[in-house]
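Protein chains in written order, with full-length UniProt numbering: chain A, 1 to 222; chain B, 1 to 222. Read through the structure below, which is laid out as structure tokens, and then see the notes.
Number of protein chains: 2
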Amino acid sequence: MFAGATSPPLRIGYLLFPGFQALDVFGPLDALNILSWTHEIVLHLVASSRWPVSTKPDSYPNAFEQRVLPTDTFTSVPPLDVLFVPGGLGTRSQNVDIEEAIQFIHDVFPRLKYLVTVCTGATLAAQAGVLNGKRATTNKKAWKMVTEKSPLVEWVPQARWVVDGKVWTSAGVSAGIDTTLAWIEEVWGPQVAKQIADGMEYVRETESTLDPFCALNGLAAP
Amino acid sequence: MFAGATSPPLRIGYLLFPGFQALDVFGPLDALNILSWTHEIVLHLVASSRWPVSTKPDSYPNAFEQRVLPTDTFTSVPPLDVLFVPGGLGTRSQNVDIEEAIQFIHDVFPRLKYLVTVCTGATLAAQAGVLNGKRATTNKKAWKMVTEKSPLVEWVPQARWVVDGKVWTSAGVSAGIDTTLAWIEEVWGPQVAKQIADGMEYVRETESTLDPFCALNGLAAP
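Spelled out as structure tokens, the structure:
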């Protein structure tokens, strides 16, 4: 029997901020979109305001840009069962959007059934204090920057994703897809997760500790 | 020496229509976004109008929705070097957005340096007539629906992607990422493609003929 079979989480929030990494959001969301075709779940795209949120990072003014419309703000969104937090170069900015995002994670965390971070989304959760004393992982290229800033987290380098209680943290970018499919498997069962992965024609990594990008980035196993 | 080393395509268009599959767009775009951090390329998100384009398919009114802002319309977009065409349940709709998308592909194709389709984006290109007599592939679950509609295309089932001249066609959804990285390798070279894939922490499929979803969907090798 999988964990949430009797009471699956219905209300899913996805945090957005300027300079989010596109695949950190739309990899997991593609799986969740397919899930929503046949399951009664609700999505809130949550940001500082309802203005479109851009993928463009401050650090590359000539970069490609995609703009996505949030559905709710940090102050207007109803209570959530699950919060997904993406990463991206925008996490490195010091601006009101990031400050509000960190505060939002801090405020909603106690009532969440699950927190799922993707890539450097973990640095926002860590700065919100909700990863302290927990095992977690993050992007392997940005490892030093993220982990040095939050020494109270038990960072795990050799991991595609890490689960500690209700907190699921993913390695970089595309690892968010494997993490989300594993989370769907945990909540809705293996058949649902397999059908979604097959529908996405996605070759899943189902072993959370298999991560070639740990060694590639010169990080030692724990 | 890779193909486009002396004159890489600069102006990339990405077609959007209601009910597009999120990962068909943001998988390839994540790779192209990273490319744009260090290369002078330009992106146009092209749709029927400048209104936000929704991922929500007609067939699932309670499905999750993300809305993305186009930058250009089919009539206002400047000449393109490359056009990416995503798939999704929206390709099965008969509405003015899809009709205009097919017409747009037909009209711009002769001047493109590359056409790249992802998933059932191939059915729009096929209906535009630009795949006739060419080898191409598409989503394996939607195989019958797509291929029966366009018998003049030489459909290749056992393929993660297929290249025929300037036309690159991808298998379903996530295959678009492998296809785009292969295309980036063709145009900007293997090092650039590897750096982007590693930055995405993405385990690439680099063999275009390796496709587990052909057999999984009961399709025979050609």
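C-beta atoms are modelled at their ideal positions from N, C-alpha and C, and glycine is treated no differently.
Next on the checklist: Short of 9 Å Cβ to Cβ, which residues in the region 56–74 of chain B face chain A?
Outcome noted: Of all residues in the region 56–74 of chain B, K56, P57, S59, Y60, N62, A63, F64, E65, Q66, R67, V68, L69, T71 have a Cβ within less than 9 Å of some Cβ in chain A.
Buried or exposed by the 16-neighbour rule on C-beta atoms within 10 Å, applied to A/V96 | To locate residue 96 of chain A, count along the first sequence from 1; it is residue 96. Classification for A/V96: exposed.
So is A/N139 buried or exposed if we call it buried at 16+ other beta carbons inside 10 Å?
Within the first sequence, residue 139 of chain A is the residue found at index 139, counting from 1. With 16 or more other Cβ atoms within 10 Å, it is buried.
task = Quickly, what does DSSP pair A/A31 with across the bridge? List them, please.
result = On the first sequence, residue 31 of chain A is found 31 positions in, with the first residue counted as 1. Beta-bridge pairing links A/A31 to no other residue.
- prompt: Counting Cβ pairs, one atom from each stretch, are 3 or more of them under 8 Å apart for the region 76–88 of chain B and the region 8–28 of chain B?
  reply: These segments touch.
- Query: Between B/G129 and the rest of its own chain, which residues show a CB-CB distance below 7 Å, the 5 nearest in sequence each way excluded?
  - Reply: Residue numbering aside, residue 129 of chain B sits at position 129 when the second sequence is read from its first letter. H106, listed in sequence order.
Q.
Taking its Cβ as the centre, do 16 or more other Cβ atoms sit within 10 Å of residue 223 of chain A, making it buried, or is it exposed?
A. Past the boundaries of the shown model lies residue 223 of chain A; chain A is included only from 1 to 222, so the question cannot be answered.
Beta strand (DSSP E) runs wholly inside the region 138–174 of chain B, at least 3 long, in chain order: Runs of the beta strand (DSSP E) inside the region 138–174 of chain B: 161–164, 167–170.
Task: Span separating the alpha-carbon of A/V156 from that of A/K141 - done: Locating residue 156 of chain A in the first sequence gives position 156, where the first residue counts as 1. Locating residue 141 of chain A in the first sequence gives position 141, where the first residue counts as 1. The straight-line gap from Cα to Cα measures roughly 14 Å.
Worksheet entry | Best match in A/K144, A/K113, A/K149 for proximity to A/A126 [C-alpha to C-alpha] | The sequence position of residue 126 of chain A within the first sequence is 126, counting from 1. Of the candidates A/K144, A/K113, A/K149, the one whose C-alpha sits nearest the C-alpha of A/A126 is A/K149.
### Task
Taking 8 Å as the cut-off, decide whether the C-beta atoms of B/A159 and B/L181 are in contact.
The residue you call residue 159 of chain B lines up with position 159 of the second sequence. The residue you call residue 181 of chain B lines up with position 181 of the second sequence. No; because the gap between Cβ atoms is not below 8 Å, this pair is not in contact.
| query | So, is A/E99 buried or exposed, given that buried needs 16 or more other C-beta atoms within 10 angstroms? | reply | The count along the first sequence starts at 1 and reaches residue 99 of chain A at position 99. Result: exposed.
Would you say A/F17 reaches chain B, if we count a Cβ-Cβ gap shorter than 8 Å as a contact? Against the first sequence, residue 17 of chain A aligns to sequence position 17. No - not a single Cβ of chain B is within 8 Å of the one on A/F17.
Do three or more CB pairs link the region 168–177 of chain B to the region 114–122 of chain B at distances below 8 Å?
-> The region 168–177 of chain B is in contact with the region 114–122 of chain B.
Counting pairs of beta carbons, one from the region 25–44 of chain B and one from the region 58–65 of chain A, are three or more of them closer than 8 Å? With a cut-off of 8 Å, the region 58–65 of chain A and the region 25–44 of chain B count as touching, because enough Cβ pairs lie within range.
Between A/V77 and chain B, is the shortest Cβ-Cβ distance under 8 Å, so that the two count as touching?
To locate residue 77 of chain A, count along the first sequence from 1; it is residue 77. No, A/V77 lies away from the interface with chain B (no Cβ there is under 8 Å from its Cβ).
Fill in: Which of helix, strand or coil DSSP assigns to A/G13
Looking up residue 13 of chain A in the first sequence gives position 13. The answer is strand: DSSP assigns A/G13 an E or B state.
Nonlocal neighbours in the same chain, by C-beta distance under 6 Å from residue 226 of chain A, ignoring five residues either side: Examination of residue 226 of chain A is not possible in this model, given that chain A is present from 1 through 222 alone.
* Asked: Name the residues in the region 172–205 of chain A whose C-beta lies less than 8 Å from a C-beta of chain B; which are they?
  -> G172, V173, S174, A175, I177, D198, G199, M200, E201, Y202, V203, E205: these are the residues of the region 172–205 of chain A whose beta carbon lies less than 8 Å from some beta carbon of chain B, given in chain order.
Terminal residues of the continuous alpha helix (DSSP H) containing B/T123? Here residue 123 of chain B is taken as the residue at index 123 of the second sequence, counted from 1. Following the DSSP letters along the chain, one finds B/T123 inside the alpha helix (DSSP H) bounded by residues 121–127.
Chain A contact for B/K140 (CB, 8 Å cutoff)
Here residue 140 of chain B refers to the residue found at position 140 of the second sequence. Interface criterion met: the Cβ of B/K140 is under 8 Å from a Cβ in chain A.
>> Is the separation between the beta-carbon of A/P115 and that of A/V167 shorter than 8 Å?
In response: Position 115 of the first sequence, counted from the first residue, corresponds to residue 115 of chain A. Position 167 of the first sequence, counted from the first residue, corresponds to residue 167 of chain A. Before going on, a small fix: residue 115 of chain A reads as Leu here, not Pro. Contact flag set, yes.
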